Each structure stands twice: as structure tokens, then as C-alpha cells.
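Peer 1:
In full-length UniProt numbering, the protein residues as written are 1 to 215.
(1) Within the continuous alpha helix (DSSP H) that includes residue 208, where are the two ends?
(2) Roughly how many angstroms lie between the CA atoms of residue 33 and residue 150, to the nearest whole one?
(3) Return the chain-ordered list of same chain residues with a C-beta closer than 7 Å to the C-beta of residue 93, the five sequence neighbours on each side being excluded.
(4) For residue 10, I'd like the list of residues in its chain whose CB is within less than 7 Å of its CB, leaving aside the five on either flank, ordered along the chain.
(5) Would you tell me roughly how many angstroms separate the C-alpha atoms of residue 59 and residue 30, rounded to the nearest one?
(6) Since residue 104 and residue 7 are thought to touch, with beta carbons under 8 Å apart, how far apart are those beta carbons, to the nearest angstrom?
(7) Tell me whether residue 214 sits in a helix, a strand or coil according to DSSP, three-state version.
(8) Closest to residue 143 by C-alpha separation, out of 175, 84, 36, would be which residue?
(9) Can residue 89 and residue 163 be called in contact, C-beta distance under 8 Å?
(10) Would you check if the distance between the CB atom of residue 38 and the CB atom of residue 16 is smaller than 8 Å?
(11) Taking Cβ to Cβ, would you say residue 74 is nearer than 8 Å to residue 24?
(12) Entirely within the segment 4-51 and at least 3 residues each: give me those beta strand (DSSP E) ranges in chain order.
(13) Does the beta-carbon of residue 139 have 16 or more other beta-carbons within 10 angstroms, so that it is buried, or is it exposed?
(14) For residue 132 and residue 112, I'd like the C-alpha separation in whole angstroms.
(15) Can you give the beta carbon distance from residue 95 to residue 146, rounded, assuming they're within the 8 Å contact cut?
(16) Just verifying my parser: in three-state terms, what is the DSSP assignment at residue 88?
(17) Restricting to Cα atoms, I'd like to know which of 83, 200, 70, 153 is closest to residue 116.
(18) For the ligand NAP, is there any heavy atom lying closer than 7 Å to the beta carbon of residue 202?
(19) Within 10 angstroms of the Cβ of residue 214, are there 16 or more other Cβ atoms? Answer buried if so, exposed if not.
(20) Is it the case that the Cβ atoms of residue 44 and residue 210 are separated by a distance below 8 Å?
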């Protein structure tokens, strides 16, 4: 991937993000407990576990969308994820696109939502090659194309922490390779990434967490 795909620089780094003895519950059921985790600048966590083990719940906790039922989640400056939601970008396993809108309209919405005053295309790189589909309604795209559009917001987000829920789902081998290249580049510029995955194998320099195992 020649050059930088990122349209905007990162803000000053707030890392680490620390979980101490964290527990989360879904209704009356405990999802996980006693979880200690440190997300450092340049770090990568691969989170695995069976369905229902709490992988998505963990991402929502790190994003500040959930409070821990017990324990603490704190950034290096003492702020909680809930108090600093702009520091994390959560890309869920669903694509979060409006089917009736075009690719450009969907990405324009996400750019505004993420605080980008003007859509940085075509000046910004187009890592997933979706600019050619700019005027195409999302409802006509394949699952893989929709995933590429959804992940393109990584190129103009300024959040230092990426929280990616099964990001390679529906992607072909080329699309999966781009995801991991973007992750590597984001880490290199001081960002951090937490990825949930069912895929086997590991990534150089990655930490691994398996939820649902006896602790």
C-alpha cells in the first residue's frame, strides 16, 4: 500500500487504556469477570472466544458504550472511555450503512459523524477501492463491497483506538490483506487496535486474549 492511506493525523496519544478486574453482565447473566487488560500505543490485541463469550461486549466497554459492572476502565490521563468517546472508533460486525444512500453519501455521513468537516475524498487515499462505486446505492452492493465501504471510514477517522468486530467477515483475500495492512500502519503511527476474530493464526507482535477460558 504506497504512501499513507490516512487523511488526518492522530491527536496526542492518551494511552494506555487499562482494564482492572473488569466485569460485565448481560441482564442478570455475567458475561466475563476479573479481566485485566492494558492497551498500549502501537499495540494489537486479538480477542477470541465462542459466541456469547463477551467479545463484542468487551469492545463496547472499551468504546465507552458500557460501564463495567465491577472494576475499572481508565485511560492514562484518568478519564474513562465513557467520558472520552472520541478516542475510540468501534466498527461492528454489521456494516452500519443506509441501503438507499449511495456509497459517497454513506461515507459523507460517517465523515461528519466522526467530526470531519468535509469529506476528504478524493484527496484521501481509497484503501479499499470503493471510490469507483461512489454514486452506486449501497443496496445494490455485494456483502464484500459493503464491508469494504464500511471499513473505509478507518482512512479518515482520528480515533487513536480502533475496535474492530470481525473486520474481515465477507471479504476476499485481497480485502483481508488490506485490513491487516491498515492495522499495521495505524499501529506504526502510534494508534492501537483491538480485533475480535474467529480466524486461526496470529500476527507478529500481537497480544492474545481468549474469553470464556477458565481464569
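Glycine included, each C-beta is placed from N, C-alpha and C at the ideal position.
Owing to the predicted nature of the structure, the values given are computational and were not obtained by experimental measurement.
Peer 2: Well, looking at it:
(1) Along the chain shown, read from residue 1 onward, the residue named residue 208 stands at position 208. Under the DSSP assignment, residue 208 falls outside any alpha helix (DSSP H), being part of the beta strand (DSSP E) whose first and last residues are 207-210.
(2) On the chain shown, residue 33 is found 33 positions in, with the first residue counted as 1. On the chain shown, residue 150 is found 150 positions in, with the first residue counted as 1. If you take the alpha carbons of residue 33 and residue 150, they lie about 31 Å apart.
(3) Numbered from 1 along the chain shown, position 93 holds the residue referred to as residue 93. The answer, listed in chain order, is 165, 166, 169.
(4) Reading the chain shown from its first residue, position 10 is the one you call residue 10. Cβ-Cβ distances below 7 Å link residue 10 to 158, 160, 189, 190, 191 in the same chain, with the five nearest sequence neighbours on each side left out; the list follows chain order.
(5) Residue 59 sits at position 59 when you count from the first residue of the chain shown. Residue 30 sits at position 30 when you count from the first residue of the chain shown. One C-alpha to the other measures close to 16 Å.
(6) As a working note, residue 104 is residue 104 in the chain shown. As a working note, residue 7 is residue 7 in the chain shown. Not a contact, Cβ separation roughly 15 Å.
(7) To locate residue 214, count along the chain shown from 1; it is residue 214. Any reading at residue 214 is ruled out, since the residue's pLDDT is 48, under 50, leaving its predicted position unreliable.
(8) The count along the chain shown starts at 1 and reaches residue 143 at position 143. Out of 175, 84, 36, 175 has the C-alpha closest to the C-alpha of residue 143.
(9) As a first step, residue 89 must be located in the chain shown, where it is residue number 89. As a first step, residue 163 must be located in the chain shown, where it is residue number 163. For residue 89 and residue 163, yes; Cβs fall inside 8 Å.
(10) Within the chain shown, residue 38 is the residue found at index 38, counting from 1. Within the chain shown, residue 16 is the residue found at index 16, counting from 1. Closer than 8 Å, so yes.
(11) For the purposes of this step, residue 74 is taken as residue 74 along the chain shown, with counting starting at 1. For the purposes of this step, residue 24 is taken as residue 24 along the chain shown, with counting starting at 1. A distance of 8 Å or more separates the beta carbons of residue 74 and residue 24.
(12) Every beta strand (DSSP E) of 3 residues or more that sits fully in the segment 4-51 is shown, in chain order, as 17-26, 29-39, 44-48.
(13) What you label residue 139 is simply residue 139 of the chain shown in a count that begins at 1. Of the other Cβ atoms in all chains shown, fewer than 16 fall within 10 Å of the Cβ of residue 139; this residue is therefore exposed.
(14) Taking the first residue of the chain shown as 1, we reach residue 132 at position 132. Taking the first residue of the chain shown as 1, we reach residue 112 at position 112. If you take the alpha carbons of residue 132 and residue 112, they lie about 21 Å apart.
(15) Along the chain shown, one-based indexing puts residue 95 at 95. Along the chain shown, one-based indexing puts residue 146 at 146. Between residue 146 and residue 95 the Cβ distance is about 5 Å, and since that is below 8 Å, they are a contact.
(16) Stepping through the chain shown from its first residue, residue 88 is reached at position 88. Looking at residue 88 - three-state DSSP - the assignment turns out to be strand.
(17) For the purposes of this step, residue 116 is taken as the residue at position 116 of the chain shown. Taking only the C-alpha atoms, the option nearest residue 116 is 153.
(18) Because no ligand of any kind appears in the structure shown, any question about the ligand NAP cannot be addressed here.
(19) For the purposes of this step, residue 214 is taken as the residue at position 214 of the chain shown. Any reading at residue 214 needs caution, since the residue's pLDDT is 48, under 50, leaving its predicted position unreliable; the model's value is listed next. With fewer than 16 other Cβ atoms within 10 Å, it is exposed.
(20) Stepping through the chain shown from its first residue, residue 44 is reached at position 44. Stepping through the chain shown from its first residue, residue 210 is reached at position 210. Contact flag unset, no.
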